[in-house]
Amino acid sequence: MIKLNGYVVEQNRFPDGTLALKEINGDLLSDNFANWIDWMYDGDEEMFTIMSLVDIIRRNSKGRIYLKMPYLPNARMDRIKTDTENFALKVFANWINGLGFDRIFVENVHSNVSNALINNIADNLPDGDIETITDDYKFDVIFFPDEGACKRYKDMEVIKNLNLPIAFGIKNRDWKTGEILNLDVMGADVKDKKVLIIDDISSKGFTFYYSGMKLRELGASDVRLYVTHCEDTIRGGKILDTDVVSKVYTTDSICHYDGDKIEFVRKFRN
1102 MIKLNGYVVE QNRFPDGTLA LKEINGDLLS DNFANWIDWM YDGDEEMFTI MSLVDIIRRN
1162 SKGRIYLKMP YLPNARMDRI KTDTENFALK VFANWINGLG FDRIFVENVH SNVSNALINN
1222 IADNLPDGDI ETITDDYKFD VIFFPDEGAC KRYKDMEVIK NLNLPIAFGI KNRDWKTGEI
1282 LNLDVMGADV KDKKVLIIDD ISSKGFTFYY SGMKLRELGA SDVRLYVTHC EDTIRGGKIL
1342 DTDVVSKVYT TDSICHYDGD KIEFVRKFRN
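In my numbering, the protein residues as written are 1102 to 1371.
If you want it as structure tokens, here you go:
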């Protein structure tokens, strides 16, 4: 879904499959204030719509152009091992930088590589979401699934204010298959504790499933998960079909349904 200054943009198709945008009402555009494009990512075909809207705005307005994009596509493709691999994040960054946005607002991107590659980016960490969750349910321990997540989130103001013990995971992964072979838990004792796992994104959720398994093995009484971005593919994993993780908190940035243990903490698709 894409909005221009709060109004949904109709994305139709001509018979040959090319984009047919409904004429934009010129009264929607502003010379005195910023023009806002809201992009709730549903697929790469929307990129041409974004390009077309920027072109229309530039031809009809002298106002600034801001892009609000909760989910940053390709953010996990932030490194390559060989020259013939697709460095998708860099390709995407080159494209979006070429559009010349005055500011790009994103939510909890996967790594700082995105912040380095994309111009004028403002990365919003999930302080508000964590505060909402912990106001409703009292946890005893915060758990980060790896050292990278621990470094990224442990200094958030909300984490400091909670003043809870922190644990983190160390994963041993088969890099050829991506399979997690085992996981060790370091830091706080989790026995008889209610644990909140925090990270940025879940696909099928195997990292969090194995984290939850280990936490339960060590005696955790309850394990819940927060991720800002939850792919619909979580249904293909084990998180929703087992009791290892009792609830998944997320936003609707790329998740299109709640229920089945999934609870939206915040919605962008209003």
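The C-beta atom is built at its ideal place from N, Cα and C for all residues, glycine as well.
Since the model is a prediction, treat every value here as computed from it, not as a measurement.
Next on the checklist: Just to confirm my understanding: we take Phe-1309, look at its own chain, exclude 5 residues before and 5 after, and list those with CB closer than 7 angstroms. What are they?
Outcome noted: Contacts found: Pro-1246, Ile-1298, Ser-1303, Leu-1326, Ile-1340, Val-1346.
Checklist entry - Nearest to Asp-1285 by CA position, among Lys-1294, Phe-1269, Asp-1293, is which residue? => result Answer by Cα proximity: Phe-1269.
Next on the checklist: For Cys-1331, list the residues DSSP reports as bridge partners.
Outcome noted: DSSP lists Ser-1303 as partners of Cys-1331.
Checklist entry - Under the three-state reduction of DSSP, which class applies to Arg-1160: helix, strand or coil? => result The answer is helix: DSSP assigns Arg-1160 an H, G or I state.
Next on the checklist: Among Ile-1158, Tyr-1172, Val-1242, whose alpha-carbon lies nearest the alpha-carbon of Glu-1332?
Outcome noted: The closest CA to that of Glu-1332, considering only Ile-1158, Tyr-1172, Val-1242, is found on Tyr-1172.
Item to check | Close Cβ partners of Ile-1231 (< 6 angstroms) along its chain, the five nearest in sequence each way excluded | outcome: The beta carbon of Ile-1231 lies closer than 6 angstroms to those of Val-1259 in the same chain, with the five residues before and after it left out.
Checklist entry - So Ile-1219 and Ala-1189 are in contact, right, with Cβ under 8 angstroms, and what is the actual spacing, rounded? => result For a cut-off of 8 angstroms, the C-beta gap from Ile-1219 to Ala-1189 is around 13 angstroms, too long to register as a contact.
Item to check | Exposure of Arg-1253, with buried meaning 16 or more beta-carbon neighbours within 10 Å | outcome: If you draw a 10 Å sphere on the C-beta of Arg-1253, you find 16 or more other C-beta atoms in it, and that means buried.
Checklist entry - From which residue to which residue does the beta strand (DSSP E) around Asp-1139 run? => result 1136–1140 is the extent of the beta strand (DSSP E) around Asp-1139.
Next on the checklist: Within a Cβ cutoff of 6 angstroms, which residues of the same chain sit near Asp-1300, ignoring the five residues on either side of it in sequence?
Outcome noted: If we look at Asp-1300 and ignore the five residues flanking it on each side, its Cβ neighbours are Pro-1246, Ala-1250, Val-1328.
Next on the checklist: According to DSSP, is Met-1314 part of a helix, a strand, or is it coil?
Outcome noted: In the structure shown, Met-1314 sits in a helix (DSSP, three-state: H, G or I).
Checklist entry - Mind checking Val-1242: buried by the 16 CB within 10 Å criterion, or exposed? => result Flag for Val-1242 reads buried.
Checklist entry - Whole-angstrom Cβ separation of Leu-1372 and Val-1291, contact assumed at under 8 angstroms? => result Any answer about residue 1372 is impossible in this case: the structure gives the chain only from 1102 up to 1371.
Next on the checklist: Less than 9 angstroms between the beta carbons of Asn-1113 and Leu-1122, yes or no?
Outcome noted: In this structure, Leu-1122 lies closer than 9 angstroms to Asn-1113 by Cβ.
Checklist entry - Considering only the beta carbon of each residue, do Val-1058 and Phe-1240 sit closer than 9 angstroms? => result This structure cannot speak to residue 1058, because the chain is shown only from 1102 to 1371.
Checklist entry - By how many angstroms is the C-alpha of Val-1349 removed from the C-alpha of Lys-1305? => result Straight-line Cα distance between these residues: approximately 12 angstroms.
Next on the checklist: Measuring straight from C-alpha to C-alpha, what distance separates Lys-1182 and Asn-1209?
Outcome noted: Within the model, the alpha-carbon separation for Lys-1182 versus Asn-1209 is close to 25 angstroms.
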